[in-house]
Amino acid sequence: MAIRLYNTLGLELQTFQPLEKGKVSMYHCGPTVYDYVHIGNLRSFYMADLLRRMFEFEGYEVKQVMNITDVGIGGDNDEGEDRIIRGLKREGKEVTLENMKELTEFYTEKFIGDTVKMNFLSPHVLPRASQHIEDDIRLIQELESKGFAYTTSNAVYFDTSRTPNYGKLGGIVQGDGASRIGTNEEKRNQKDFALWKFNTSLGYPSPWGQGFPGWHIECSVMSTKYLGQPFDIHTGGVDLAPIHHNNEIAQSEAACGCAYANYWMHNEFVNVGEAKMAKSEGNFITMRSIEEKGFSPLAYRYFLLTAHYRTPTNFSWEALESAENAYKRLKTLMQMFKKESDGKEGSVNKAYKQEFLEAIENDCNTPEALAVVWKLGKSAGDGLSYPDAHATLLDFDRVLGLKLSENEYEVTHVSRAVNDLLRDREAARMAKNFSKADEIRVRIEALGYNLKDTENGQELEKI
Ligand code: AMP
Ligand code: ZN
92 MAIRLYNTLG LELQTFQPLE KGKVSMYHCG PTVYDYVHIG NLRSFYMADL
142 LRRMFEFEGY EVKQVMNITD VGIGGDNDEG EDRIIRGLKR EGKEVTLENM
192 KELTEFYTEK FIGDTVKMNF LSPHVLPRAS QHIEDDIRLI QELESKGFAY
242 TTSNAVYFDT SRTPNYGKLG GIVQGDGASR IGTNEEKRNQ KDFALWKFNT
292 SLGYPSPWGQ GFPGWHIECS VMSTKYLGQP FDIHTGGVDL APIHHNNEIA
342 QSEAACGCAY ANYWMHNEFV NVGEAKMAKS EGNFITMRSI EEKGFSPLAY
392 RYFLLTAHYR TPTNFSWEAL ESAENAYKRL KTLMQMFKKE SDGKEGSVNK
442 AYKQEFLEAI ENDCNTPEAL AVVWKLGKSA GDGLSYPDAH ATLLDFDRVL
492 GLKLSENEYE VTHVSRAVND LLRDREAARM AKNFSKADEI RVRIEALGYN
542 LKDTENGQEL EKI
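What follows is the structure, given as structure tokens:
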């Protein structure tokens with residue numbers, strides 16, 4: 092079956108054709124490590140992980156690169172303040188290269204911790220921008236020698252008027268960009284962007300003067316260094332498409348004289364109310380607060396799976412709670428299937444696998460994939476054997492990444508005895524043996540819990 096992906100380059104669903112048969116090369120714009128990442132950021136890394144898992148499930152050999160922006164002029168506005176310097180000031184630290192390193196290492200570690208909690212597979216390469224300054228300089232020199240770069244008093248700029256297709260990604264009509272990035276009289280065109288920005292007091296040496304590389308050049312360098320050019324898929328949040336990604340395309344294609352990436356995929360935002368979750372909005376939530384409130388990080392993964400990656404999703408604690416309830420119910424089902432299998436190995440059910448594949452091959456349609464999961468859950472023990480149900484869901488979990496073979500709730504939330512009873516009751520209900528289900532309810536209540544049957548399954552409350 093063909094995999095269809097929505098390509099922002101062309102704004103349409105396209106059948107995926109890899110550059111090399113059976114292989115996929117992917118680059119994902121990673122975090123700027125000047126602070127904790129928020130759960131909106133995590134949606135873009137979740138999408139990267141989902142793609143990786145889907146391709147591996149389909150038998151592809153994947154090479155995945157995600158950068159860490161630990162230096163450089165961040166953001167769309169070249170004239171704005173460097174985010175890492177802003178991070179140092181926020182923490183009351185002196186602005187030095189040493190302190191930049193210390194700050195970014197701290198937040199890189201925190202970021203990696205979050206990715207483990209979210210059960211993201213580790214990218215094959217996780218390059219740091221700070222370790223690629225020489226490569227940045229070489230690429231800028233190449234652009235300069237080909238007539239695409241010019242120097243002003245504050246920076247080396249890319250001349251966008253030299254590339255006729257500038258702004259081709261996302262069908263974005265590029266005006267002259269003056270309102271976007273502030274007017275700079277020395278620039279040939281207001282939409283020109285900095286490749287290297289001078290800084291007399293701090294920075295790295297370069298042929299043009301001390302300073303820092305631009306954020307866009309860093310991504311162009313780190314993607315092609317590890318994947319070659321062109322490569323298959325480039326991803327990021329939808330806010331990166333208009334400027335950051337169009338700039339990456341412009342400079343990489345100008346230097347090489349060839350295509351940069353064939354498919355561009357962008358995740359929509361996690362919003363809070365009407366607003367995008369963002370540091371600047373002050374409405375952001377981190378993985379730490381999710382855990383402090385007693386949620387499993389994987390409940391957030393389940394929450395993300397319930398929406399298609401191209402649909403904006405609204406985060407609220409109530410929404411996370413209902414995702415967690417569904418997630419717990421799924422885990423309880425898995426345990427019940429395992430118990431009922433009584434050590435018997437099952438095999439993957441072909442019909443359900445086919446339906447699951449159709450969902451994920453349809454531009455990674457995870458809500459549809461979850462619908463297949465629940466349909467399977469309901470038919471287990473009735474047409475589908477418990478061992479096969481168990482084996483099939485474990486197989487799907489290679490894409491879902493929900494750790495369905497484990498049950499973290501068992502130990503932390505209720506005692507093993509109550510958990511066993513819950514599982515038995517779920518089994519009785521699935522088997523429509525309501526008198527047995529009622530009998531088990533009485534036993535659960537005797538252990539000190541109120542039990543409610545909700546849309547999301549059984550819910551316990553300590554009396
Ligand atoms: P940054 O660290 O700001 O460079 O962002 C890392 C990634 O998170 C980028 O791909 C952004 O587009 C993405 N991102 C930022 N805010 C959100 C949000 N609220 N929802 C989804 N993705 C986001
Ligand atoms: Zn990038």
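Counted the way the numbering used here counts, the sequence shown spans residues 92 to 554.
A virtual CB, placed ideally from N, CA and C, is assigned to each residue, including glycine.
Remember, it's a predicted structure, so these values are computed and weren't measured experimentally.
| Check | Outcome |
| --- | --- |
| Need the endpoints of the beta strand (DSSP E) that residue 249 sits in, please. | 246 to 249 |
| How many angstroms separate the CA atom of residue 145 from the CA atom of residue 451? | 7 Å |
| Starting from residue 413 and walking both ways along the beta strand (DSSP E), at which residues does that stretch end? | Premise fails: residue 413 lies in the alpha helix (DSSP H), 408 to 432, not in any beta strand (DSSP E). |
| Please report how far the alpha carbon of residue 534 lies from the alpha carbon of residue 422, in whole angstroms. | 21 Å |
| Does residue 281 come out as helix, strand or coil in the three-state DSSP assignment? | coil |
| Between residue 120 and the ligand AMP, is there a pair consisting of the residue's CB and a ligand heavy atom that are separated by less than 7 Å? | yes |
| Whole angstroms is fine: what's the gap from residue 317's alpha carbon to residue 277's? | 35 Å |
| Between which two residues does the alpha helix (DSSP H) carrying residue 385 extend? | No alpha helix (DSSP H) contains residue 385, which DSSP labels as neither H nor E. |
| Smallest Cα separation from residue 281: which of 169, 204, 237 and 361? | 169 |
| Any heavy atom of the ligand ZN closer than 7 Å to the Cβ of residue 335? | yes |
| So residue 448 and residue 342 are in contact, right, with Cβ under 8 Å, and what is the actual spacing, rounded? | Not quite, the Cβ-Cβ distance comes to about 38 Å (not below 8 Å), so this is no contact. |
| Taking only runs of the beta strand (DSSP E) that begin and end inside the stretch 321 to 406, which ones reach a length of at least 3 residues, in chain order? | 322 to 328, 352 to 358 and 361 to 363 |
| Looking at residue 313 and the ligand AMP, is the gap between the Cβ and the nearest heavy atom below 7 Å? | no |
| In three-state terms, what does DSSP make of residue 313? | helix |
| With respect to 7 Å, is the separation between the Cβ of residue 305 and the closest non-hydrogen atom of the ligand ZN below this value? | no |
| For residue 429 and residue 137, I'd like the C-alpha separation in whole angstroms. | 28 Å |
| Is residue 327 near the ligand ZN, judged by its Cβ being under 7 Å from some heavy atom? | yes |
| Let me make sure I understand the geometry here. Which of 228, 238 and 249 has the alpha-carbon closest to that of residue 302? | 228 |
| If you reduce the DSSP assignment to three classes, tell me which class residue 267 lands in. | With a pLDDT of only 45 at residue 267, under the threshold of 50, the placement of this residue in the model should not be trusted; the figure read from the coordinates follows. Correct three-state label for residue 267: coil. |
| First and last residue of the beta strand (DSSP E) that includes residue 98? | 95 to 98 |
| Using 8 Å as the threshold, is the C-beta distance between residue 306 and residue 160 below it? | yes |
| DSSP state of residue 465, grouped into three classes? | helix |
| Any contact between the stretch 400 to 411 and the stretch 379 to 390? By contact I mean 3 or more CB pairs, one from each, below 8 Å. | yes |
| Give every residue of the same chain whose Cβ lies closer than 8 Å to the Cβ of residue 331, excluding the five residues on either side of it in the sequence, and list them in chain order. | 120 and 357 |
| Pop quiz: residue 375 and residue 369 are said to be a contact at Cβ under 8 Å. What is the actual Cβ separation, rounded to whole angstroms? | 6 Å |
| Taking 7 Å as the cut-off, is the CB of residue 349 close to at least one heavy atom of the ligand ZN? | no |
| Counting pairs of Cβ atoms below 8 Å between the stretch 451 to 467 and the stretch 481 to 491, do you hit three or more? | yes |
| Can you give the beta carbon distance from residue 37 to residue 299, rounded, assuming they're within the 8 Å contact cut? | Any property of residue 37 remains undetermined from this structure, which presents the chain solely from 92 to 554. |
| If contacts are defined as beta-carbon pairs under 8 Å, then residue 485 and residue 496 qualify, I think. What distance do you get, rounded to the angstrom? | 6 Å |
| If we ignore side chains and look at the alpha-carbon of each, how far apart do residue 193 and residue 106 end up? | 44 Å |
| Alpha carbon to alpha carbon, what distance is there between residue 458 and residue 335? | 30 Å |
| Can you check which of these residues, 94, 518, 324 and 435, is closest to residue 469 by C-alpha distance? | 518 |
| Per DSSP, which residues does residue 544 bridge with? Please list them. | 549 |
| Starting from residue 478, trace the alpha helix (DSSP H) both ways and give me its first and last residue. | 477 to 491 |
| How big is the Cα-Cα spacing for residue 110 and residue 320? | 10 Å |
| Beta carbon of residue 195, beta carbon of residue 176: below 8 Å? | no |
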